[in-house]
């Protein structure tokens, strides 16, 4: 029972993270993540980034580490968004 419930919890976690990543990727591509948005608002909307260096956040797919597009959100010293970068990956057949 415990293993089964743990697997379901992991699957649910992955689904949630995948949905959040798809949202940040979709909105970054559409230019809907507005400059000036503060870090806390980004995290509240899209969840914790994979990498937080202080000057930028990195979001990528939770499962396909190498083939996933990457979304970088750049911040100024006050924590306001100053730019968005998307690094696309070649999809292998």
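Residue numbers (this note's numbering): 85 to 177. Ideal Cβ positions, reconstructed from N, Cα and C, are used throughout, including at glycine.
Evaluate residue 138 with the Cβ neighbour count: other Cβ atoms within 10 Å of its Cβ, from every protein chain shown; 16 or more gives buried, anything less gives exposed.
Residue mapping note: residue 138 aligns to position 54 of the chain shown, counting from 1. Under this definition residue 138 is an exposed residue.
Per DSSP, the bridge partner or partners of residue 155:
Working through the chain shown from its first residue, we reach residue 155 at position 71. For residue 155, which the question treats as bridged, DSSP gives the partners 143 and 170.
Going by beta-carbon coordinates alone, are residue 102 and residue 146 separated by less than 9 Å?
Position 18 of the chain shown, counted from the start, is the residue given in the question as residue 102. Position 62 of the chain shown, counted from the start, is the residue given in the question as residue 146. It is a contact, given that the beta carbons lie within the stated cut-off.
Sub-9 Å separation of residue 155 and residue 169 beta-carbons:
Mapped onto the chain shown, residue 155 falls at position 71. Mapped onto the chain shown, residue 169 falls at position 85. Yes. Within cutoff.
Look up residue 127 in the DSSP assignment and say whether it is helix, strand or coil.
The residue you call residue 127 lines up with position 43 of the chain shown. DSSP places residue 127 in helix when its eight states are reduced to three.
Those residues which DSSP pairs with residue 108 across a bridge
Against the chain shown, residue 108 aligns to sequence position 24. Answer by DSSP bridge pairing: none, since residue 108 is not bridged.
Measuring straight from C-alpha to C-alpha, what distance separates residue 125 and residue 94?
The sequence position of residue 125 within the chain shown is 41, counting from 1. The sequence position of residue 94 within the chain shown is 10, counting from 1. Rounded to whole angstroms, residue 125 to residue 94 spans 26 Å at the Cα level.
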